[in-house]
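Count along the sequence shown starting at 1, add 6, and that's the number in this note's numbering. Glycine residues also receive a C-beta, built at the ideal position from the N, C-alpha and C atoms.
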Amino acid sequence: MDVRQLEQPMSPVSSADTGLCSASDEMLEHENEALKERVHGLERKVHEQNDEILCLRATLADVLRRLNSLESFTSKGRESPSGARGRRASPLRDREGISHPSTVFEEKGDASSLIDDSSKNDESRVTSPSQTETLSEGSCDSSNRERTSTGGSRIPTRTPVLHSSSILRESRTRLNSQDVRNGEPTPDRKSRRPHSTIITKRSSHQSTGSLFDNDNCPIHYKPITSPKKQMSSLSSRAYDFQSPTSASMHKRWSSSSDFSAQGIMGSSNSLKRLGSTNSGSLTNLTKWSSGMQKPGLRDASFNEEDGYIKFYLRGRPIVLYVPSHLIESYSLSTVTPGPQSRLKLEWAYGYRGKDCRSNLYLLPTGEIVYFIAAVVVLYNVEEQTQRHYLGHTDDVKCLCIHPNKLLIATGQTAGHDKMEGKPHIRIWNSVSLSTLHVLGLGEFERSITAISFSKADGGGLLAAIDEANDHVLSLWEWQKGETGHKITETKCSADTVIGVDFHPMDRHTVVTCGKNHIAFWNIEGGTLSRRLGIFESRDKPKYVTCIAFADNGDVISGDSNGNILVWGRGTNTILKSIKNAHEGAVFSLLVLKDGHVVSGGGKDGQLTLWDPSYRRTGYTAEVPEQYGNCRTIAEGKGSQLLVGTTKNAILAGSFELPFSVIMSGHIEELWALVSHPTEPQFVTGAFDGTITMWDSMSKTVVWTLDNGEPVQSLDISPDGSSVAVGTTTGKWQLLDMYTREELVQHTDGSEPIQVIRFSPDGKTLAIGSRDNHIYLYQLNDDYKKANRVGRCTGHSSFITQLDWSEDGSAIRSNSGDHDVLFWNPNTCRQILQPSQLKDVQWATDTCRISFNSVGIWPEGADGTDINNCARSHDGSLLVTGDDFGTVRLYQFPASNIKSIGHIYGGHSSHVTNVAFMHEDNRVISIGGKDMSVLQWKVLNQKNRFDD
7 MDVRQLEQPM
17 SPVSSADTGL
27 CSASDEMLEH
37 ENEALKERVH
47 GLERKVHEQN
57 DEILCLRATL
67 ADVLRRLNSL
77 ESFTSKGRES
87 PSGARGRRAS
97 PLRDREGISH
107 PSTVFEEKGD
117 ASSLIDDSSK
127 NDESRVTSPS
137 QTETLSEGSC
147 DSSNRERTST
157 GGSRIPTRTP
167 VLHSSSILRE
177 SRTRLNSQDV
187 RNGEPTPDRK
197 SRRPHSTIIT
207 KRSSHQSTGS
217 LFDNDNCPIH
227 YKPITSPKKQ
237 MSSLSSRAYD
247 FQSPTSASMH
257 KRWSSSSDFS
267 AQGIMGSSNS
277 LKRLGSTNSG
287 SLTNLTKWSS
297 GMQKPGLRDA
307 SFNEEDGYIK
317 FYLRGRPIVL
327 YVPSHLIESY
337 SLSTVTPGPQ
347 SRLKLEWAYG
357 YRGKDCRSNL
367 YLLPTGEIVY
377 FIAAVVVLYN
387 VEEQTQRHYL
397 GHTDDVKCLC
407 IHPNKLLIAT
417 GQTAGHDKME
427 GKPHIRIWNS
437 VSLSTLHVLG
447 LGEFERSITA
457 ISFSKADGGG
467 LLAAIDEAND
477 HVLSLWEWQK
487 GETGHKITET
497 KCSADTVIGV
507 DFHPMDRHTV
517 VTCGKNHIAF
527 WNIEGGTLSR
537 RLGIFESRDK
547 PKYVTCIAFA
557 DNGDVISGDS
567 NGNILVWGRG
577 TNTILKSIKN
587 AHEGAVFSLL
597 VLKDGHVVSG
607 GGKDGQLTLW
617 DPSYRRTGYT
627 AEVPEQYGNC
637 RTIAEGKGSQ
647 LLVGTTKNAI
657 LAGSFELPFS
667 VIMSGHIEEL
677 WALVSHPTEP
687 QFVTGAFDGT
697 ITMWDSMSKT
707 VVWTLDNGEP
717 VQSLDISPDG
727 SSVAVGTTTG
737 KWQLLDMYTR
747 EELVQHTDGS
757 EPIQVIRFSP
767 DGKTLAIGSR
777 DNHIYLYQLN
787 DDYKKANRVG
797 RCTGHSSFIT
807 QLDWSEDGSA
817 IRSNSGDHDV
827 LFWNPNTCRQ
837 ILQPSQLKDV
847 QWATDTCRIS
857 FNSVGIWPEG
867 ADGTDINNCA
877 RSHDGSLLVT
887 GDDFGTVRLY
897 QFPASNIKSI
907 GHIYGGHSSH
917 VTNVAFMHED
927 NRVISIGGKD
937 MSVLQWKVLN
947 QKNRFDD
């Protein structure tokens with residue numbers, strides 16, 4: 007039978023069934039789409055409500071801060087500003103989060119009587135030193151703790167004022183019980199009681215400017231408190247002497263001293279106590295770094311007959327003559343105590359956008375958070391105030407915000423300190439600035455380049471990228487204990503990984519991007535599995551530079567080809583491609599609350615607005631060329647956008663309003679610094695060729711000049727009308743301070759001008775070059791002519807510093823091989839008998855090697871540890887900068903071998919220069935490769951309680 011005869015036409019019933027099926031499928035598909043839209047709408051509402059809750063939290067936090075400030079002022083009016091000397095008191099805290107360490111006297115007798123005596127002042131709100139880190143938990147009533155189920159945050163509540171006696175008793179009880187729990191016996195008080203008076207100082211360093219006092223608990227997490235730290239607090243019984251005040255504080259001073267009457271550093275136990283401090287702060291500030299074990303130079307000797315001291319730097323003998331009026335009383339065993347004044351970080355200039363991404367955010371408190379060097383800055387632009395988290399010991403490389411918008415995680419690179427200098431992640435409270443968890447100490451290899459909190463589960467997990475050879479991706483349950491728990495880790499890619507982020511809707515999905523890849527990771531059973539993004543026939547980019555998430559869960563990526571790609575939710579394939587979205591790479595993507603997308607170009611410097619369907623809206627904005635190109639974009643208040651640029655600037659603006667700079671900084675290594683002789687201003691110069699004048703009162707840039715050549719050194723004439731500029735090419739200039747017009751230009755050799763200095767009368771200019779010579783020039787009154795007088799020859803290494811005598815009759819210079827020479831500027835000849843100048847008064851004290859600065863050198867110093875020093879104009883303080891990123895404050899003169907200095911951190915690179923402002927109320931320090939400018943406020947007995 008023919009097959010064709012078997013073919014029958016389709017019946018009308020079958021056709022109807024097919025039509026019904028297709029109609030049903032269409033209806034189901036339509037319902038699915040409607041359901042998806044409804045779910046997306048609900049998710050959007052949830053996000054909006056979360057934002058409202060965060061705003062309420064921030065408002066409440068601000069109200070509590072203001073109430074505490076009012077209480078502080080009210081209590082100050084009732085209390086005496088100073089206390090009886092010799093009493094033991096607990097460290098008091100002011101509303102800016104600074105505590106004031108002071109000398110502690112422990113005398114023979116019953117220690118408890120001193121405590122009972124100090125508790126008589128019932129109006130004082132005090133805390134024991136050992137309670138500094140635990141008060142935020144212990145002072146909160148457990149019945150008032152309101153916790154969220156996912157984020158781990160709570161709305162802060164006010165707590166009653168605690169009296170000193172109850173706090174001290176509670177502190178002793180809590181610490182004793184914790185020592186027992188940790189398996190350590192409680193030290194016996196009698197065994198700790200010294201026979202003779204012992205002066206002991208404790209030191210620590212923490213962040214500045216907490217919004218909350220410690221007796222307010224903005225979050226239920228317990229800050230890290232080391233058992234060793236608690237033990238040392240009991241064993242030393244070092245209750246700081248303090249003038250009473252009611253202002254509740256939660257920070258302590260960063261003093262490095264730990265001396266006893268037995269001599270320098272007391273005993274080995276005292277050194278152990280110093281090294282065991284760990285409060286989530288700069289541990290390396292309370293320990294002597296490598297090569298700086300303790301103050302004092304080895305093999306130092308004093309020849310009383312000839313009146314000189316002798317010591318060695320890298321085997322080279324250094325001879326310094328003692329002034330005549332000090333010869334009889336001078337002794338190598340004398341210890342110079344630390345100064346009464348302290349430093350507090352007031353302002354950090356600069357932003358790290360040159361080589362870091364996703365490091366700019368707006369907090370509910372109205373502050374923007376970013377980092378520079380080892381400082382995380384919380385900057386309120388409207389109020390022109392900064393707070394600083396100083397827990398890190400070296401360069402901060404990445405930053406992310408918890409979904410509750412109160413917690414912040416920051417990751418750092420490897421530093422100098424043997425333990426806390428290792429790469430690690432710190433999770434801290436943005437309101438109180440207290441460290442909650444420290445993750446990965448000793449587990450990361452190089453530096454943390456990217457981190458992200460999970461979002462779909464409320465932030466219970468943290469993902470981190472280690473910049474090791476295999477770029478390891480690790481997942482952490484960060485809330486488990488003080489150091490968290492690492493769930494898993496895996497090799498991410500042999501190529502560079504520059505970004506990681508959790509999917510906001512799929513709790514088991516993590517996305518990473520970098521060189522030659524975008525990867526979608528699935529978390530299942532404590533392991534990670536990877537699917538690489540498939541580019542198909544499209545040009546595979548060299549770098550996937552940024553990622554973001556659309557409201558519907560799609561992943562949006564930008565790449566080095568200038569394209570924007572949309573990846574389907576739950577897939578590794580491309581749904582949509584926008585070619586040539588920007589000229590050059592797409593450096594940043596931001597999804598706004600209304601679903602629109604903002605992209606930032608890394609070459610064209612443009613911001614482009616896209617609608618939720620990824621169509622151009624026609625709105626564009628351009629970053630001013632002098633500030634570089636867009637590095638990262640963040641959503642500001644209202645329609646405002648915040649832009650971090652590749653030239654280390656932060657801009658604010660919108661598509662309707664032009665962008666203006668709110669923070670700027672240098673973009674290359676920074677060496678030159680000088681303060682104005684009569685105004686609250688200072689000038690910096692860097693290898694990027696820019697010279698910038700800053701105003702220390704308004705914290706703004708007065709002017710910036712592109713000099714065209716790398717700047718090595720600066721000085722300002724005594725009348726403030728001219729600035730001298732030394733470059734790395736041997737060229738130097740005189741510029742008019744107000745018009746920036748070049749007045750004089752000369753070249754001396756081809757080596758960098760290491761130091762340039764006006765004489766006290768402004769008529770002579772001394773130029774210290776890396777070619778080992780000092781050149782002298784005679785200047786006319788208006789600084790428009792400079793005639794070379796001569797050249798001082800005698801150093802066998804490059805010039806590092808030089809000082810003029812007050813009468814201009816002598817010059818003192820240091821060199822790279824640790825030599826100290828003296829010169830007659832009139833004849834340009836060396837003064838061969840330094841003893842003739844032992845009583846000379848010097849206009850400045852910038853020479854690191856001099857009798858007045860001998861105490862700044864630690865034991866085992868190799869001569870390069872200390873980079874610079876500067877004396878205050880009133881002659882009471884000496885500040886130094888070193889290779890370990892710290893600023894140190896000493897009494898002046900620091901002429902004793904054993905001199906105590908207070909140590910402050912914030913820089914991550916070598917501190918290349920320091921200077922006092924003309925009124926001695928501020929200190930400026932600059933970092934080398936960290937490109938930061940830090941402004942420190944000098945606090946003394948007069949302004950300490952008013953700060």
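Could you tell me the distance, in whole angstroms, from the CA atom of Ile225 to the CA atom of His443? Note that Ile225 scores 36 on pLDDT, short of 50, meaning its location in the model is unreliable and no value can be drawn from it.
Rounded to a whole number of angstroms, what is the C-alpha to C-alpha distance between Glu129 and Leu368? Summary for Glu129: the model assigns pLDDT 37, below 50, so the residue's position carries little reliability; its value from the coordinates is reported in the next sentence. If I take the Cα positions, the gap works out to 39 Å.
Nearest candidate by alpha-carbon position, reference Thr391, set Leu467, Gly934, Ser347, Ile668: Ile668
Using a Cβ-Cβ cut-off of 6 Å (strictly less than) and excluding sequence neighbours within five positions of Ser535, which residues of its own chain qualify? Asn528
Beta-carbon proximity list for Phe317, same chain, < 7 Å, skipping 5 on both sides: Sequence-distant partners of Phe317 (beyond 5 residues in either direction) whose C-beta falls short of 7 Å from its own C-beta, in its chain, are Leu303, Asp305, Ala306, Ile324.
Just the C-alpha distance for Thr203 and Leu945, rounded to the nearest angstrom, thanks. With a pLDDT of only 35 at Thr203, under the threshold of 50, the placement of this residue in the model should not be trusted, and no figure is reported.
Is DSSP giving Lys461 helix, strand or coil here? coil
Considering only the alpha carbon of each residue, which of Ser453, Val929, Pro329, Ala591 lies closest to Ser841? The residue with the shortest Cα to Cα distance from Ser841 is Pro329.
Grouping DSSP H, G and I as helix and E and B as strand, with all else coil, what is Glu483? strand
Please state the DSSP three-state secondary structure of Gln959. The structure shown does not extend to residue 959, since the chain spans only 7 to 953, so no value can be given for it.
Taking the Cβ atom as the reference point for each residue, do Glu473 and Ser460 lie within a distance shorter than 8 Å? no
State the DSSP-derived secondary structure class of Lys42, mapped to helix, strand or coil. helix
Does DSSP classify His169 as helix, strand or coil? Confidence at His169 is low in this model, with a pLDDT of 39, below 50, so its placement is unreliable and the value that follows should be read with caution. Coil at His169, not helix or strand.
If you draw a straight line from the C-alpha of Lys521 to the C-alpha of Lys791, how long is it? 55 Å
Quick check on the DSSP output: what are the complete beta strand (DSSP E) runs of length 3 or more inside the segment 657 to 730, in order along the chain? 666 to 669, 676 to 681, 687 to 692, 696 to 701, 706 to 712, 717 to 722
Validate contact between the segment 630 to 649 and the segment 681 to 692 using beta carbons, cut 8 Å, 3 pairs: No, they do not touch.
Grab me the residues of Asn858's own chain with a C-beta within less than 6 Å of its C-beta, minus the 5 sequence neighbours each way, in chain order. Asp851, Pro899, Ser901
Completely contained beta strand (DSSP E) runs for the segment 766 to 803, where each covers 3 or more residues: Correct list: 770 to 775, 780 to 785, 792 to 798.
Pick from Ile817, Ile570, Gln751 that is closest to Asn793, judged by C-alpha positions: Gln751
Quick check: Asn635 and Gly671, are their CB atoms within less than 8 Å of each other? Taking 8 Å as the cut-off, the beta carbon of Asn635 is found no closer than this to the beta carbon of Gly671.
Under DSSP, the beta strand (DSSP E) around Phe922 begins and ends at which residues? Looking at the DSSP string, the run of the beta strand (DSSP E) that includes Phe922 is 917 to 922.
Cα-Cα separation between Pro370 and Cys406, rounded to whole angstroms: 14 Å
For the candidate residues Trp942, Leu940, His908, Ala849, whose alpha-carbon lies nearest to that of Gly344? His908
Close-in-space but distant-in-sequence residues of the same chain around Ser364 (CB under 6 Å, 5 per side omitted): Thr638
Only counting the same chain, and skipping five residues up and downstream in sequence, which positions put a Cβ closer than 7 Å to that of Arg178? Interpretation of Arg178 is limited by its pLDDT of 40, a score under 50 that renders its predicted location unreliable; the figure taken from the coordinates is listed afterwards. Around Arg178: no qualifying Cβ.
Which residues share a DSSP beta bridge with Trp738? Gly732, His752
Let me know the secondary structure DSSP gives Pro840 once reduced to three states. helix
For Ser931, the first and last residue of its enclosing beta strand (DSSP E): Unbroken beta strand (DSSP E) run through Ser931: 928 to 933.
Inspect the CB distances between the segment 560 to 576 and the segment 332 to 352 and report whether three or more fall short of 8 Å. no
Skipping 5 residues on each side, what residues in its chain have a beta carbon closer than 7 Å to that of Pro716? Phe693, Gly695, Thr733, Thr734
Secondary structure at Val52, three-state DSSP: helix, strand or coil? helix
What does DSSP give as the partner residues of Ser438 in its beta bridges? Under the DSSP definition of a beta bridge, Ser438 lacks any partner.
If you run the structure through DSSP and keep just helix, strand and coil, what is Glu530? Residue state for Glu530 is assigned as strand, using DSSP reduced to three classes.
How long is the line joining the alpha carbons of Asp926 and Ser878, rounded to whole angstroms? 6 Å
In whole angstroms, give me the CA-to-CA distance for Ser543 and Ser605. 24 Å
Going by beta-carbon coordinates alone, are Val506 and Leu479 separated by less than 8 Å? yes
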